[in-house]
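In this note's numbering, the protein residues as written are 2 to 109.
Note that CB positions come from ideal geometry on N, CA and C, so glycine has one too.
Everything below concerns the one structure shown next.
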């Protein structure tokens, strides 16, 4: 859905811009992006996206297990994360960990 994608990108860019400008309420970039994106796209679309993400992650895990790929993180000690367009290039370790915990809860 191209219009929804464009709207979501605009929300992400706006959140990142306000975070960089240190606007009150935008201190936690990931949480404000999540809440604003969820509100923008609606609950049905959000749930579909989460289910698709879980499906893709399971497929990748199965592929890695069957190919005998190393489970070692790349150089730098952190697993590679796909970039979030419009977001600040740096993140804390807590953000990926929170996302991992949320995804594990969804899978169960």
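Buried or exposed (CB count within 10 angstroms, at least 16 for buried), residue i
i          : result
residue 5  : exposed
residue 56 : exposed
residue 17 : buried
residue 42 : buried
Own chain partners of residue i with C-beta closer than 8 Å, once the 5 adjacent residues on each side are dropped
i          : result
residue 20 : 27, 28, 30, 33 and 89
Cβ separation of residue i and residue j, assumed to be a contact under 8 Å, to the nearest whole Å
i         : j          : result
residue 9 : residue 53 : About 14 Å separates the two Cβ atoms, so there is no contact after all.
Cut-off 7 Å between Cβ atoms - residues of its own chain near residue i, not counting five sequence neighbours on either side
i          : result
residue 47 : 39
residue 64 : none
Check: residue i C-beta below 8 Å from any heavy atom of the ligand ZN
i          : result
residue 37 : Looking at this structure, you won't find the ligand ZN or any other ligand, since it has none at all.
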